[in-house]
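Asker:
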Amino acid sequence: MDVLSDAVAVMRTGRPHSSRTCLRPPWGIRFRPQEGAGFHVILKGSCWLIPARGEPMLLGVGDVVLLPRELGHGIADTPSRTLTDVRLTYDDLANGRVALPVEADGTGAQTEMLCGAYRLDQSRPHPLLTELPDVVHLPARVGAHPALRGAIELLGHELSARPRPGRDAALTGLLDLLLLYMLRAFYEDRSDDAGTGWAAALRDPAVAAALRAVHDDPARPWTVESLAAEGGLSRAAFARRFTGTVGSPPLAYLTWWRMTIAARLLRDTDLPLRAVAQRTGYTSEFAFARAFKREFATAPGRYRAGTPDARPALTG
């Protein structure tokens with residue numbers, strides 16, 4: 025897969041969930057911190073987002089907000105409204121228990137929105153996602169991000185219409201698509217003025233080509249020279265450009281990504297260590313175990329047996 029798809033896939037656990045909500049003043053809701061990401065899409069009216077850090081933000085029709093690290097936040101009809109705690113968990117969402125503890129039959133202007141949540145393993149984040157701000161605000165603009173708008177329209181239709189055959193699968197697929205479109209929109213909006221970071225990396229032809237090659241075939245015995253060839257640059261020019269945008273040398277990123285894949289295989293499959301080693305580019309279990317222990321400070325077998333707190337961090 026490509027780097028954005030892989031970045032999401034490596035963190036995803038469980039199914040995403042969403043609901044369509046209509047509220048009239050007075051109302052104010054506080055969502056508690058959770059290990060995942062949340063989003064709101066304003067379909068009608070307006071509301072205020074009260075983030076865990078930073079100033080309240082007015083949201084209008086068509087605005088999309090993604091909270092990639094659910095640190096806890098509020099939404100309300102006014103920024104000064106007293107907020108009522110919502111103690112919903114991902115299990116509540118999965119079982120359809122999404123009633124909000126606020127008055128929904130007031131006499132003021134109605135606010136209608138799509139709200140949703142993704143369960144993400146924040147202990148193993150891809151740097152493409154850790155670079156995101158606490159609040160990703162995608163304001164409504166005529167003609168901007170038509171694919172994102174199309175996904176929102178389809179999601180709203182599925183949530184508002186009477187349940188039809190295949191609804192659960194349609195919702196899961198649309199929510200997955202929506203997350204990718206929100207992230208794509210954020211990086212596309214940043215690409216014109218970003219000289220470094222993942223927005224720059226994704227738009228740089230040479231760096232993007234090398235990243236695609238690593239993600240398409242992480243087991244291949246890549247060298248800086250062979251990755252530079254993927255991007256059509258000399259070794260030195262490629263190494264400087266890759267390190268300057270991604271924030272880590274090419275082979276350091278390669279090793280980090282291999283170890284991230286290995287950790288997921290150890291956690292989620294019963295593959296023998298030899299097979300895990302081969303899938304991540306190591307010719308022997310011994311070499312793989314040494315590399316894994318350098319990253320995680322524990323042997324692969326012990327990692328599989330338990331759930332250590334240590335996780336690999338990508339550094340320059």
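Note that the working numbering has the sequence shown beginning at 25, numbered continuously upward.
Note that beta-carbon positions come from the ideal geometry of N, C-alpha and C, so glycine has one too.
Remember, it's a predicted structure, so these values are computed and weren't measured experimentally.
Work out the CA separation of Cys71 and Ala100 for me, nearest whole Å.
Answerer: Near 6 Å, if we compare the C-alpha coordinates of Cys71 and Ala100.
Asker: By DSSP's criteria, His161 is part of a beta bridge. Which residues make up the other side?
Answerer: Val89.
Asker: Give the list of continuous beta strand (DSSP E) stretches no shorter than 3 residues that lie fully inside the segment 197-275.
Answerer: None, since the segment 197-275 contains no complete beta strand (DSSP E) of that length.
Asker: Can you grab the Cα-Cα spacing for the pair Gly140 / Ser104, in whole Å?
Answerer: Going from the Cα of Gly140 to the Cα of Ser104 covers about 24 Å.
Asker: Pro324 by DSSP, collapsed to three states: which one?
Answerer: Correct three-state label for Pro324: helix.
Asker: For Val89 and Ala61, what's the separation of their Cα atoms in angstroms?
Answerer: For Val89 and Ala61, the distance between alpha carbons rounds to 11 Å.
Asker: Using the C-alpha atoms, what's the distance from Leu278 back to Ala168?
Answerer: For Ala168 and Leu278, the distance between alpha carbons rounds to 34 Å.
Asker: Which of helix, strand or coil does DSSP assign to Ala137?
Answerer: In the sequence as presented, Ala is not what sits at residue 137; that position holds Met. Reduced to three states, the DSSP call for Met137 is strand.
Asker: Nearest CA to the CA of Thr267: which residue from Arg291, Leu295, Ala232, Pro245?
Answerer: Nearest option by C-alpha distance: Ala232.
Asker: Where does Trp281 sit, in a helix, a strand or coil, going by DSSP?
Answerer: In the structure shown, Trp281 sits in a helix (DSSP, three-state: H, G or I).
Asker: Roughly how many whole angstroms lie between the Cα atoms of Leu179 and Glu136?
Answerer: When rounded, the distance between both Cα atoms is 14 Å.
Asker: For Tyr211 and Val110, I'd like the C-alpha separation in whole angstroms.
Answerer: Taking the straight line joining both Cα atoms gives about 31 Å.
Asker: Determine the contact status of Leu54 and Leu107, defining contact as a CB-CB distance below 8 Å.
Answerer: For clarity, residue 54 is Arg in the given sequence; the question names Leu instead. It is a contact, given that the beta carbons lie within the stated cut-off.
Asker: Using beta-carbon positions only, say whether Ala225 and Gln302 come within less than 8 Å of one another.
Answerer: Not a contact, by the Cβ cut-off of 8 Å.
Asker: Count the other CB atoms, across all protein chains shown, that sit within 10 Å of the CB of Arg265; report buried if there are 16 or more and exposed otherwise.
Answerer: Buried, since its Cβ has 16 or more Cβ neighbours within 10 Å.
Asker: Assign Ala31 to one of three DSSP states: helix, strand, or coil.
Answerer: Three-state DSSP puts Ala31 in a helix.
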